[in-house]
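Take 0 as the starting number for the sequence shown in numbering that gives the first Met the number 0 and just add one per residue.
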Amino acid sequence: MKKDKVINFFYILPIFVVTLFLFLFPLIYSLYISFTNLSLLHFFKYSYVGLANYIIIFKYGYFLVLLKNTLIWTIGSLVTMMGLGFALALILNQSDLKGRSIFYAILILPWAFPGFISLLIWQGLWVDPYGMMNRLILPMLHLPRVNSLTSTADAWIELIVTNDWLSFPYFMTVFYSALQSIPRELYDIAELDGANVFTKFFTITLPSLKKTIAFVFITSFVFTWNNFYPIYVLTGGGPGISTETFIVYAYQEAFSYSNFSLAAAWSVISTLFVIVLGIIVIRYTHILDSFT
Numbered sequence: 000m001k002k003d004k005v006i007n008f009f010y011i012l013p014i015f016v017v018t019l020f021l022f023l024f025p026l027i028y029s030l031y032i033s034f035t036n037l038s039l040l041h042f043f044k045y046s047y048v049g050l051a052n053y054i055i056i057f058k059y060g061y062f063l064v065l066l067k068n069t070l071i072w073t074i075g076s077l078v079t080m081m082g083l084g085f086a087l088a089l090i091l092n093q094s095d096l097k098g099r100s101i102f103y104a105i106l107i108l109p110w111a112f113p114g115f116i117s118l119l120i121w122q123g124l125w126v127d128p129y130g131m132m133n134r135l136i137l138p139m140l141h142l143p144r145v146n147s148l149t150s151t152a153d154a155w156i157e158l159i160v161t162n163d164w165l166s167f168p169y170f171m172t173v174f175y176s177a178l179q180s181i182p183r184e185l186y187d188i189a190e191l192d193g194a195n196v197f198t199k200f201f202t203i204t205l206p207s208l209k210k211t212i213a214f215v216f217i218t219s220f221v222f223t224w225n226n227f228y229p230i231y232v233l234t235g236g237g238p239g240i241s242t243e244t245f246i247v248y249a250y251q252e253a254f255s256y257s258n259f260s261l262a263a264a265w266s267v268i269s270t271l272f273v274i275v276l277g278i279i280v281i282r283y284t285h286i287l288d289s290f291t
């Protein structure tokens, strides 16, 4: 038996080693260069500077502004994406819905396009005053125009709406699959007992989706916190730095200003925040209790 366990371990060893290399090596290397002065000027002859980069971040950087921006981006996107995906999944799950397959095929269309191409298209749609959103769609809905070049609020609306469009098919599909796994007999019995729609939702649907909601929330929180492309393509972090997050600012420090050590320090701080916030969310919301 012990010999079999050793043999089984060697089967998974290559995957384990590759995973450690892809995850731990970049993390350890970023942590290492964050304590140096590695930049384009000191690319080959860089030296240890201790906590100098972290002191610069907290003393002269835009730490609180970027933290606020990152939280707005993560929470704003996550709440709307999950809410929209969940609502659409509930609609698709109605037993009397006709043309379900057609609606489902239409709703997953955003997945049919490469994300970067979709962002470029949305960038054109949001252009004020000639983009379709400002020229046609928003006026039809009697909504004010959106100009991300001059308004921070408009920039966040542009980013979150675009990110919702790109991401809601994932949430809809996951929630719809989970809803399909709930036995229909539970709803039939509840109806016989006189339960209304809200009673069935809070006593059957939500409890049955606890594991799915927990999984989607945690994984999407980490992904959205580190999601770089929408902000970089649509607003570039503007106006000013009003929509820049930790990741976008770190990228610009590294590849616009060639200050690799300071970019690494920003990345380390961002990673620590993800870990700490993740622990807080898991501990105080008990979101993983459904797995135990």
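Every residue gets a Cβ at the ideal spot worked out from N, C-alpha and C, and that includes glycine.
Proximal residues to residue i (C-beta, below 7 Å), its chain only, five neighbours per side dropped
i	result
Asn226	none
Ile136	none
Val273	Val221, Trp224
Ala253	Phe259, Ala262
Val247	Phe227, Ile230, Tyr231, Gly236
Own chain, CB closer than 6 Å to residue i, minus 5 neighbours either side, in chain order
i	result
Ser76	Ile159, Asn162, Thr223
Met81	Phe170
Leu39	Ser257
For residue i: DSSP bridge partner residues
i	result
Thr35	Tyr47
Cutoff 8 Å; reference residue i; Cβ partners in own chain excluding five residues on either side
i	result
Tyr186	Lys199, Ile203
Leu83	Asp163, Phe167, Phe170, Met171
Gly193	none
Val126	Asn133
Closest Cα partner of residue i within the set the options
i	options	result
Ser260	Leu208, Thr18, Asn7, His41	His41
Pro25	Arg282, Thr270, Ala111	Thr270
Trp72	Ile230, Trp121, Tyr59, Pro13	Ile230
Leu165	Tyr175, Ile116, Asn146	Ile116
Ser29	Asn258, Ile278, Ile54, Ile279	Asn258
Leu178	Asn195, Lys210, Ala253, Thr149	Lys210
Ser207	Ser176, Tyr59, Ile279	Ser176
Just checking, does the stretch 241-248 make contact with the stretch 211-222 on the three C-beta pairs under 8 Å criterion?
-> no
Touching or not, the stretch 260-269 and the stretch 32-39, by the rule of three or more beta carbon pairs under 8 Å?
-> yes
Can at least three beta-carbon pairs, one atom from the stretch 88-107 and one from the stretch 167-187, be found at a separation below 8 Å?
-> Two segments are said to touch when three or more pairs of C-beta atoms, one from each, lie closer than 8 Å; by this definition the stretch 88-107 touches the stretch 167-187.
Touching or not, the stretch 91-108 and the stretch 175-183, by the rule of three or more beta carbon pairs under 8 Å?
-> yes
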